[in-house]
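First the structure, in the form of structure tokens, and then the observations on it.
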Amino acid sequence: MLRLGEKVVIVADAFEQNLPIGDYGYVIAYDRNPDNAFDYVVRIPQANRNFYVTAEDVETEADLLTEEAERTTQEALIDYALSTHNEKLFYQLMNGEAEQAEDVETSPKENMSQAEFIKQVNLRAWI
275 MLRLGEKVVI
285 VADAFEQNLP
295 IGDYGYVIAY
305 DRNPDNAFDY
315 VVRIPQANRN
325 FYVTAEDVET
335 EADLLTEEAE
345 RTTQEALIDY
355 ALSTHNEKLF
365 YQLMNGEAEQ
375 AEDVETSPKE
385 NMSQAEFIKQ
395 VNLRAWI
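All residue numbers for the sequence shown refer to my numbering, where the first residue is 275 and numbers rise by one.
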């Protein structure tokens, strides 16, 4: 639940009421009417209007900035992995934690000889 006066950003328009998506506003009231689908009354200074919005239509500015920072960091790490040809880092970033568990399982196979490795590659080529 958002606090009164908290800065929010309009991210959706569930009821198609021509909300200014992407604009910021401030929570000025809660809508406590149980017969109403809206949760908040938000003041949008740029539009010079108040809007009734649902909780899904707004997000706090801090949450959006955090998500954007995480996304930018992820993209920068992917670019770094591609530019340095770091295949292990790239697969770890793209596949997440599941790939790390597989790396632990495949570590004993790294000690196989060159002939065994070529045999494994040829077997997988036939599949």
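Here a beta-carbon is modelled for each residue, glycine too, at the ideal position from N, C-alpha and C.
From a predicted model like this one, the values you see are computed outputs, not experimental measurements.
Exercise. Could you check how far apart the C-beta atoms of Val327 and Leu293 are, in whole angstroms? I think they sit under 8 Å.
Key: If you number the sequence shown from 1, residue 327 lands on position 53. If you number the sequence shown from 1, residue 293 lands on position 19. At roughly 7 Å, the Cβ-Cβ gap stays under 8 Å, so Val327 and Leu293 are in contact.
Practice problem: Note down, in chain order, each residue of its chain lying with its Cβ closer than 6 Å to the Cβ of Arg317, except the 5 sequence neighbours on either side. | Solution: On the sequence shown, residue 317 is found 43 positions in, with the first residue counted as 1. Excluding positions up to five away in sequence, the list reads Gly299, Tyr300, Ile302 and Asn324.
Self-check item: Coil, strand or helix - Thr347 by DSSP
Solution: Taking the first residue of the sequence shown as position 1, residue 347 is located at position 73. Residue state, collapsed to three classes: helix.
Practice problem: Compute the Euclidean distance between the alpha carbons of Glu373 and Asn360, then round it to the nearest angstrom. | Solution: Counting from one through the sequence shown, the residue named residue 373 turns up at place 99. Counting from one through the sequence shown, the residue named residue 360 turns up at place 86. Confidence at Glu373 is low in this model, with a pLDDT of 45, below 50, so the placement of that residue should be treated as unreliable; the coordinate-derived value is given next. Their backbone Cα atoms lie some 15 Å apart in a straight line.
Exercise. Could you round the C-beta distance between Glu335 and Val283 to whole angstroms and report it? I think they count as a contact, below 8 Å.
Key: For the purposes of this step, residue 335 is taken as residue 61 along the sequence shown, with counting starting at 1. For the purposes of this step, residue 283 is taken as residue 9 along the sequence shown, with counting starting at 1. Correct: roughly 6 Å between the Cβ atoms.
Quiz item: Does the distance from the CB of Gln320 to the CB of Asp297 come in under 8 Å?
Solution: Working through the sequence shown from its first residue, we reach residue 320 at position 46. Working through the sequence shown from its first residue, we reach residue 297 at position 23. Yes, the Cβ-Cβ distance between Gln320 and Asp297 is below 8 Å.
Quiz prompt | Terminal residues of the alpha helix (DSSP H) in which Phe325 lies | solution = As a working mapping, residue 325 is identified with position 51 in the sequence shown. Run containing Phe325: none in the alpha helix (DSSP H); it sits in the beta strand (DSSP E), Arg323 to Val327.
Quiz item: In angstroms, rounded to a whole number, what distance separates the CA positions of Arg306 and Glu280?
Solution: By 1-based counting over the sequence shown, the position of residue 306 is 32. By 1-based counting over the sequence shown, the position of residue 280 is 6. Their backbone Cα atoms lie some 18 Å apart in a straight line.
Quiz prompt | Cβ distance (whole Å) where Tyr314 is taken to contact Val332 below 8 Å | solution = Translated into the one-based positions of the sequence shown, residue 314 becomes position 40. Translated into the one-based positions of the sequence shown, residue 332 becomes position 58. Tyr314 to Val332, Cβ: 7 Å. Contact.
Self-check item: Own chain partners of Ala375 with C-beta closer than 8 Å, once the 5 adjacent residues on each side are dropped
Solution: Within the sequence shown, numbered from 1, the residue matching residue 375 stands at position 101. With a pLDDT of 47 at Ala375, under the threshold of 50, the modelled position of that residue is not reliable, and the figure given next carries that caveat. None.
Exercise. To the nearest angstrom, report how far apart Thr347 and Glu330 are at their CA atoms.
Key: In the sequence shown, residue 347 corresponds to position 73, counting from 1. In the sequence shown, residue 330 corresponds to position 56, counting from 1. Their backbone Cα atoms lie some 26 Å apart in a straight line.
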